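Structure first, then comments.
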Amino acid sequence: MTTEVATTRTITYRQALNETLRAELERDEKVFLVGEEIGVFEGSYKITAGLLEDFGPDRVLDAPIAEEGFVGAALGAAMLGMRPVVEIMTINFSLIAIDQIVNHAAKMRSMFAGQVSIPLVIRMPGGGGQQLAATHSQNLEVWYAHIPGLKVVAPSTPADAKALLTAAIRDDDPVIFLENLSLYSAKGEVPDGEQVAEIGKAAVVKTGTDLTIVSYSRGTTTALEVAHQLEAEGLSIEVVDLRSLRPLDRDTICASVKKTGHAVVFEDDWLSYGIGAEISATIGEGVFDFLDAPVRRVAAAEVPLPYAKALEKAALPNAADLAKVVREVLNISTTANDK
Amino acid sequence: MPDVIMPRLSDTMEEGELSRWMKQVGDEIHKGDVLAEIETDKATMDLEAFDNGVLEQLLVVAGTLVPIGAPVARIGDGSNIVTDGARPAAPVATAAPVATTAPVATTAPAADAAAPAALPAASAPAPVAVAPTAPTAPEAPAATPTPTGELRTSPLARKIGREHGIDLHTIAGTGPQGRITRTDVDTAILAQASAASVPEPVAAAAAPTAVSADSVTVPVSRIRAVTARRLTESQAVPHFFLTSVVNVERLVAFRTDVNASLETVGSKVSLNDLFVRACAVVLRAHPEVNASWSDGVILRHNHVNVGVAVATDDGLLVPVVADADQKSLAAIATETRALAGLARTGSLSLAQMSGGTFTISNLGMFGIDSFTAVLNPPEAGILAIGAATEVPQVRDGQLVSVPMVKITLTVDHRVLDGAVAAAFLRDLTQLLEEPLRIVL
Chain A
1 MTTEVATTRT
11 ITYRQALNET
21 LRAELERDEK
31 VFLVGEEIGV
41 FEGSYKITAG
51 LLEDFGPDRV
61 LDAPIAEEGF
71 VGAALGAAML
81 GMRPVVEIMT
91 INFSLIAIDQ
101 IVNHAAKMRS
111 MFAGQVSIPL
121 VIRMPGGGGQ
131 QLAATHSQNL
141 EVWYAHIPGL
151 KVVAPSTPAD
161 AKALLTAAIR
171 DDDPVIFLEN
181 LSLYSAKGEV
191 PDGEQVAEIG
201 KAAVVKTGTD
211 LTIVSYSRGT
221 TTALEVAHQL
231 EAEGLSIEVV
241 DLRSLRPLDR
251 DTICASVKKT
261 GHAVVFEDDW
271 LSYGIGAEIS
281 ATIGEGVFDF
291 LDAPVRRVAA
301 AEVPLPYAKA
311 LEKAALPNAA
321 DLAKVVREVL
331 NISTTANDK
Chain B
340 MPDVIMPRLS
350 DTMEEGELSR
360 WMKQVGDEIH
370 KGDVLAEIET
380 DKATMDLEAF
390 DNGVLEQLLV
400 VAGTLVPIGA
410 PVARIGDGSN
420 IVTDGARPAA
430 PVATAAPVAT
440 TAPVATTAPA
450 ADAAAPAALP
460 AASAPAPVAV
470 APTAPTAPEA
480 PAATPTPTGE
490 LRTSPLARKI
500 GREHGIDLHT
510 IAGTGPQGRI
520 TRTDVDTAIL
530 AQASAASVPE
540 PVAAAAAPTA
550 VSADSVTVPV
560 SRIRAVTARR
570 LTESQAVPHF
580 FLTSVVNVER
590 LVAFRTDVNA
600 SLETVGSKVS
610 LNDLFVRACA
620 VVLRAHPEVN
630 ASWSDGVILR
640 HNHVNVGVAV
650 ATDDGLLVPV
660 VADADQKSLA
670 AIATETRALA
680 GLARTGSLSL
690 AQMSGGTFTI
700 SNLGMFGIDS
710 FTAVLNPPEA
720 GILAIGAATE
730 VPQVRDGQLV
740 SVPMVKITLT
750 VDHRVLDGAV
760 AAAFLRDLTQ
770 LLEEPLRIVL
């Protein structure tokens with residue numbers, strides 16, 4: 001006897017995005033895609049593979065190399081009731097469109113007293129480690145997370161990529177959808193059927209009692225790796241995956257640190273004024289009386305990311321950096337293995 | 340004038356026990372004076388003064404374990420003498436710097452909020468010159484030790500202390516820079532619950548204490564603690580044992596001859612010295628054994644440095660005879676004897692215990708027939724030598740008694756396979772049985 005209970009499948013982060021775009025294009029004819037080389041070339045990272053063929057050039061638009069222009073066009077379409085999903089090749093190029101994003105998309109609902117909403121999604125990958133050099137390897141998400149009027153989500157797994165992208169497309173406000181170059185080929189179980197995440201909710205992806213690691217996107221993967229590694233040393237580490245950088249789920253962060261008394265933030269951006277600074281302040285303001293040690297941050301070196309492989313590797317925060325700081329916060333002497 | 344801090348005296352040192360003060364508060368101090376003795380994980384060493392002045396305050400009592408970089412004493416011009424400021428007695432009650440000119444408002448917050456000092460300027464193309472490293476916001480720079488008398492506690496420790504009516508001034512902090520953390524308060528609460536009085540904080544307890552009618556806890560020395568840690572580490576190494584029986588008839592006779600010829604110079608060679616020399620010679624011929632596993636690669640060492648396990652009252656130490664394959668038997672004998680003497684008085688230097696590439700452990704003098712030794716990481720091999728035992732043998736139709744020694748080689752299987760290790764042991768056995776070649 002066989003029963004059909006195919007409730008999940010193991011697919012890549014890339015495939016989860018592709019399938020979600022397809023599902024939303026099918027579900028709602030107001031949804032359309034626009035971006036550089038997303039049609040014939042199927043996207044620089046092949047997220048839009050097969051979509052031009054199936055949905056045609058009215059729904060999958062190849063844009064010229066003019067980010068301000070096509071983001072502005074999508075914004076206009078959103079004002080008139082369409083649900084555009086923009087792909088910017090990497091977050092680095094969004095700087096050319098930043099006026100459209102920060103001064104227009106983020107402001108219109110409030111400046112026009114709610115007469116318009118902007119159901120716009122801007123997908124873009126961040127992240128270094130691919131030897132793409134300093135101008136193509138940045139983690140600028142904090143620029144957008146700083147802006148009221150925007151929502152910023154950063155899934156770390158294929159399942160979250162699906163549930164958060166679905167939620168972002170259906171949201172009536174502009175959503176910055178942060179992907180990561182090193183996650184596209186990551187595999188994970190993804191539930192079948194419609195999955196809509198609640199934007200603004202973090203997830204405790206591993207429970208523990210001694211210390212909380214807070215991270216997001218690629219960083220969550222490393223955080224889990226370190227947490228499991230330290231488990232073997234008898235340390236019980238909790239990992240909070242932010243999932244959404246704005247709104248920020250301060251309650252989940254604080255509840256976790258209240259339990260563990262120790263926190264380390266692992267972030268891919270630069271240390272000064274970074275995501276970790278906000279998390280650290282949140283913890284200080286929220287659960288000061290429960291802290292048993294200062295909150296620490298592990299972030300990228302404060303240099304334009306070097307191109308040379310060895311230097312790039314040294315500049316990016318890694319599992320060993322994180323494990324070292326976790327031990328320091330817990331006041332456990334470092335073993336020779338970490339060197 | 341800067342505080343005297345606990346120095347880093349070895350690579351593996353994390354803290355040192357300030358075992359004895361050699362100077363007292365009020366003593367005039369000259370640069371180079373020995374202030375105290377420090378027992379590290381490897382040896383007992385002198386703590387010397389780097390400044391001239393007057394010893395104004397001892398910040399820790401003798402017997403206290405102090406992390407590297409933490410202040411232990413204060414040398415000044417003599418105007419600020421504090422006679423009872425040593426931790427782990429109540430640290431705040433004797434707060435020293437009140438009357439000084441130290442700007443109180445700026446010291447404490449600066450330590451916690453200090454910016455990462457080593458970050459390269461963002462505008463400079465730093466990567467060309469220096470490899471950047473992923474920074475972590477430092478909790479506090481090492482250069483700013485806590486001023487004495489400042490109570491460092493975590494917010495959580497304060498909260499729990501409040502709830503349980505614990506005066507944090509009566510607790511010694513064991514966290515970074517002496518911070519009182521939850522563990523310290525929990526310990527104090529437990530102690531308060533079990534006894535009416537607040538317990539004496541951890542000091543250099545040396546005597547066994549009874550924990551029940553059946554057992555006592557014996558505090559361990561630094562050496563024993565390190566031995567325990569290192570040997571536990573070595574248990575993770577996949578290893579195997581090879582045993583060989585050596586006919587030492589000629590070796591014993593050879594030793595007698597050698598000693599007879601050395602009598603005039605007043606030097607003596609032990610069987611163990613012959614083993615050291617023999618191992619060194621065979622190791623030179625078998626570079627694959629004179630090696631270590633290192634992070635996915637095998638390191639073959641250019642020098643043959645043979646460690647000799649020495650039992651001391653405080654625990655096991657392994658002084659190293661460097662370049663043993665280049666030294667004469669007499670030189671090895673003299674050096675080993677000197678090193679063993681230093682080991683027994685706890686005065687081996689770090690250098691004298693570093694760099695070993697192979698170790699010999701000899702329990703023959705205790706009548707042990709044969710045993711297996713635990714690897715001394717990261718070395719790939721250790722040789723366990725048992726006692727010489729008379730064994731009957733038939734020679735030319737006659738029953739004769741022959742002294743035999745069982746030697747057992749423990750091998751790191753990541754570095755060596757059985758056949759290679761066996762070839763080494765075979766050559767060693769042959770050399771020991773034809774001892775004249777040992778000195779060639």
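Those protein sequences? They're chains A and B, same order as listed.
Position 39 (the first sequence) corresponds to 39 in my numbering; numbering is contiguous.
Heads up, my numbering is the position in the second sequence plus 339, with the first residue counted as 1.
Backbone N, C-alpha and C define an ideal beta-carbon position, used for all residues, glycine too.
Every value quoted in this text rests on a predicted model; they were computed, and no experiment measured them.
Interface criterion met: the Cβ of arginine 521 of chain B is under 7 Å from a Cβ in chain A. Here leucine 248 of chain A carries a coil assignment [DSSP, helix/strand/coil].
Here DSSP, grouped into helix, strand and coil, assigns alanine 300 of chain A to strand. Taken in chain order, the whole beta strand (DSSP E) runs of length 3 or more contained in the stretch 2-68 of chain A are 8-12, 31-35, 60-62. In the displayed model, alanine 412 of chain B falls within a strand according to three-state DSSP. The distance from the Cβ of lysine 259 of chain A to that of threonine 209 of chain A is about 7 Å, consistent with a contact at the 8 Å cut-off. About 22 Å separates the beta carbon of alanine 161 of chain A from that of leucine 61 of chain A, a gap too long to meet the 8 Å contact definition. Residues of the stretch 493-509 of chain B with a Cβ closer than 8 Å to any Cβ of chain A, in chain order: Ser493, Pro494, Leu495, Ala496, Arg497, Lys498.
DSSP, reduced to helix, strand and coil, places glutamate 674 of chain B within a helical segment of the structure shown. Looking at the DSSP output, glutamate 179 of chain A shares a beta bridge with A:Pro125.
Among the residues of chain B, none has a CB under 7 Å from the CB of aspartate 171 of chain A; the nearest is roughly 34 Å distant. When C-beta atoms of the stretch 647-666 of chain B are compared with those of the stretch 582-600 of chain B, fewer than three pairs fall below 8 Å, so the two segments do not count as touching. Fewer than three beta-carbon pairs drawn from the stretch 245-265 of chain A and the stretch 118-125 of chain A are found closer than 8 Å, and the two stretches are therefore not classed as touching.
The contact set of asparagine 180 of chain A on chain B, defined by CB atoms closer than 9 Å, is empty, because the minimum CB distance reaches about 17 Å. Taken through DSSP and simplified to helix, strand or coil, histidine 136 of chain A comes out as helix.
DSSP places proline 317 of chain A in the coil class of the three-state scheme, outside both helix and strand.
By the Cβ neighbour-count rule, leucine 738 of chain B is exposed, with fewer than 16 other Cβ atoms within 10 Å of its own. Counted as a single uninterrupted DSSP element, the alpha helix (DSSP H) harbouring asparagine 611 of chain B occupies residues 610-624. Ranked by how close their Cα comes to the Cα of valine 750 of chain B, the residues B:Ala719, B:Ser686, B:Glu378 have B:Ala719 in first place.
Assignment of histidine 262 of chain A by DSSP, reduced to helix, strand and coil, places it in the coil class.
Taking C-beta atoms as the reference points, threonine 166 of chain A and valine 196 of chain A count as a pair closer than 7 Å. Contact with chain B is absent for serine 236 of chain A, since none of that chain's Cβ atoms lies less than 7 Å from the residue's Cβ.
Closer than 8 Å at the C-beta level to chain B, one finds no residue of the stretch 114-136 of chain A. The beta carbon of proline 742 of chain B does not come within 7 Å of any beta carbon belonging to chain A, so the residue lies off that interface. Interface flag for glutamate 353 of chain B against chain A is set, since a Cβ pair is found closer than 7 Å.
Only residues of its own chain outside the window of five on either side were considered, and among them Glu387 have a CB closer than 6 Å to the CB of glycine 371 of chain B, listed in chain order. In the structure shown, the three-state DSSP call for lysine 187 of chain A is strand. Among the residues facing chain B, glycine 284 of chain A is not included, as its CB has no counterpart in that chain under 7 Å away. Pairwise C-beta distances place the stretch 200-208 of chain A out of contact with the stretch 28-42 of chain A, as fewer than three of them are shorter than 8 Å. In the DSSP assignment, glycine 654 of chain B falls within the beta strand (DSSP E) that extends over 654-656. Residue contact with chain B for phenylalanine 288 of chain A: present (Cβ-Cβ distance below 7 Å to some residue of chain B). For asparagine 139 of chain A, no Cβ of chain B is located within less than 7 Å of the residue's own Cβ.
Where valine 239 of chain A is concerned, there is no enclosing alpha helix (DSSP H), although the beta strand (DSSP E) around it starts and stops at 237-241.
Taken through DSSP and simplified to helix, strand or coil, alanine 511 of chain B comes out as coil. Neighbours of glycine 694 of chain B across chain A, judged by C-beta separation under 9 Å, do not exist; the nearest C-beta is about 16 Å away.
With contacts defined by Cβ atoms closer than 7 Å, glycine 694 of chain B and valine 645 of chain B do not form a contacting pair.
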